[in-house]
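A.B. asks: The structure follows.
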Amino acid sequence: MAWTTDTPEPRFLAMITAVYARVSTADQTTENQLREMEAKGIVPNMTFTETVSGSVAAMERPAFRDTVAALKAVSGPRRLVVTKLDRLGRNTSDILGTLDILGKMGCGVVVLQLGDLDLTSTAGKLMVTMLAAVATMERDLLIERTHAGLARARSEGKKGGRPEALSEERKEIARGMLASGLSVKAVAGELGVARATVAKLKAVA
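Heads up: the sequence shown at position 167 corresponds to 148 in my numbering, and the numbers run straight through without jumps.
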């Protein structure tokens, strides 16, 4: 977890900007996310970074909690800037909860992936809800394709049951299901694997 504070000239700014960057593992770096923000002309007053799994709820991430606390402590116009939507939560309900917390503070939220729209606005929340609906549809299609694939494998006489490990293709399917908000138990049941297999995959997501 890292936190830096800069106060560029002039001393009094119209907008206080905090940026937050996250990676999942220690062998990754937040540098690319910070460079992306810089390339978009974002000049932060506060920068927060951390290494934590995307499966952890936003307000359970230490540096993210610090980000919210720092924004709450300052007065005047302020905003949080991140590169991608998943930086704001582990699933749609978590993201909407985060937006509600920041919105009640009077703090704007900008996700570079989605343009300049403030996600705490009515239009912003509508966009998140629409994205959630698309994600749900994709999840349902993914489950349908998974069922069809498993049925085809059984009809071809391939071994069923709970395999010891997932192929790379099935790992991608499992990651997609987890990202859509399905529990470890549900994903394991859909793919016919042990919960421990899915839990291990989630831990490094």
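Ideal placement from N, C-alpha and C gives every residue a C-beta, glycine not left out.
If you run the structure through DSSP and keep just helix, strand and coil, what is Thr101?
C.D. replies: Reading the sequence shown from its first residue, position 120 is the one you call residue 101. Correct three-state label for Thr101: coil.
A.B. asks: Using the Cβ count rule (16 or more neighbours within 10 Å means buried), how would you classify Glu31?
C.D. replies: If you number the sequence shown from 1, residue 31 lands on position 50. So Glu31 counts as buried.
A.B. asks: Inspect the beta-carbon positions of Ile154 and Thr127 and report whether they are closer than 7 angstroms.
C.D. replies: In the sequence shown, the residue the question calls residue 154 occupies position 173. In the sequence shown, the residue the question calls residue 127 occupies position 146. Result yes, Cβ atoms of Ile154 and Thr127 sit closer than 7 angstroms.
A.B. asks: Does Thr28 come out as helix, strand or coil in the three-state DSSP assignment?
C.D. replies: Residue mapping note: residue 28 aligns to position 47 of the sequence shown, counting from 1. Looking at Thr28 - three-state DSSP - the assignment turns out to be strand.
A.B. asks: Quick one, are the C-beta atoms of Ala50 and Phe29 less than 7 angstroms apart?
C.D. replies: Translated into positions along the sequence shown, residue 50 becomes position 69. Translated into positions along the sequence shown, residue 29 becomes position 48. Cβ distance not < 7 angstroms, so Ala50 and Phe29 don't count as in contact.
A.B. asks: Assign Thr214 to one of two classes, buried (16 or more other C-beta atoms within 10 Å of its C-beta) or exposed (fewer than that).
C.D. replies: What is shown of the chain runs -18 to 186, which leaves residue 214 out entirely.
A.B. asks: Would you please state the rounded distance, in angstroms, between the beta carbons of Thr79 and Ala39? I believe it to be under 8 angstroms.
C.D. replies: Reading the sequence shown from its first residue, position 98 is the one you call residue 79. Reading the sequence shown from its first residue, position 58 is the one you call residue 39. Thr79 to Ala39, Cβ: 5 angstroms. Contact.
A.B. asks: Under a three-way DSSP split, which group does Ile82 fall into?
C.D. replies: As a position in the sequence shown, residue 82 is number 101, starting the count at 1. Note: Ile82 maps to helix in three-state DSSP.
A.B. asks: State buried or exposed for Thr64, treating a residue as buried only when at least 16 other CB atoms are found within 10 Å of its CB.
C.D. replies: For the purposes of this step, residue 64 is identified with residue 83 of the sequence shown, where counting begins at 1. Buried.
A.B. asks: Relative to the C-alpha of Arg46, which candidate in Arg176, Gly57, Leu83 has its C-alpha closest?
C.D. replies: Within the sequence shown, the letter at position 65 stands for residue 46. The residue with the shortest Cα to Cα distance from Arg46 is Leu83.
A.B. asks: Would you identify the three-state DSSP class for Ala129, choosing helix, strand or coil?
C.D. replies: Residue mapping note: residue 129 aligns to position 148 of the sequence shown, counting from 1. The answer is helix: DSSP assigns Ala129 an H, G or I state.
A.B. asks: Between Leu80 and chain B, is the shortest Cβ-Cβ distance under 7 angstroms, so that the two count as touching?
C.D. replies: Of the protein chains in the structure, only one exists, and it is not chain B.
A.B. asks: Going by other Cβ atoms of all chains shown within 10 Å of its Cβ, with 16 needed for buried, is Val174 buried or exposed?
C.D. replies: On the sequence shown, residue 174 is found 193 positions in, with the first residue counted as 1. When all chains shown are included, Val174 counts as buried.
A.B. asks: Who are the near neighbours of Gly57 in its chain, counting only those whose CB is closer than 7 angstroms to its CB and skipping five residues on each side?
C.D. replies: In the sequence shown, counting from the first residue as 1, residue 57 sits at position 76. Result list for Gly57: Ile(-3), in chain order.
A.B. asks: So, at 7 angstroms on beta carbons, what are the nonlocal neighbours of Arg196 in its own chain, with the 5 sequence-adjacent residues on each side left out?
C.D. replies: There is no way to answer for residue 196, as the model of the chain reaches only from -18 to 186.
A.B. asks: Where does Val109 fall in DSSP's three states?
C.D. replies: If you number the sequence shown from 1, residue 109 lands on position 128. Looking at Val109 - three-state DSSP - the assignment turns out to be helix.
A.B. asks: Skipping 5 residues on each side, what residues in its chain have a beta carbon closer than 8 angstroms to that of Leu112?
C.D. replies: What you label residue 112 is simply residue 131 of the sequence shown in a count that begins at 1. Excluding sequence neighbours, Leu112 sits near Leu66, Thr73.
A.B. asks: Using only the alpha-carbon positions, how far apart do Gly96 and Ser136 sit?
C.D. replies: For the purposes of this step, residue 96 is taken as residue 115 along the sequence shown, with counting starting at 1. For the purposes of this step, residue 136 is taken as residue 155 along the sequence shown, with counting starting at 1. One C-alpha to the other measures close to 47 angstroms.
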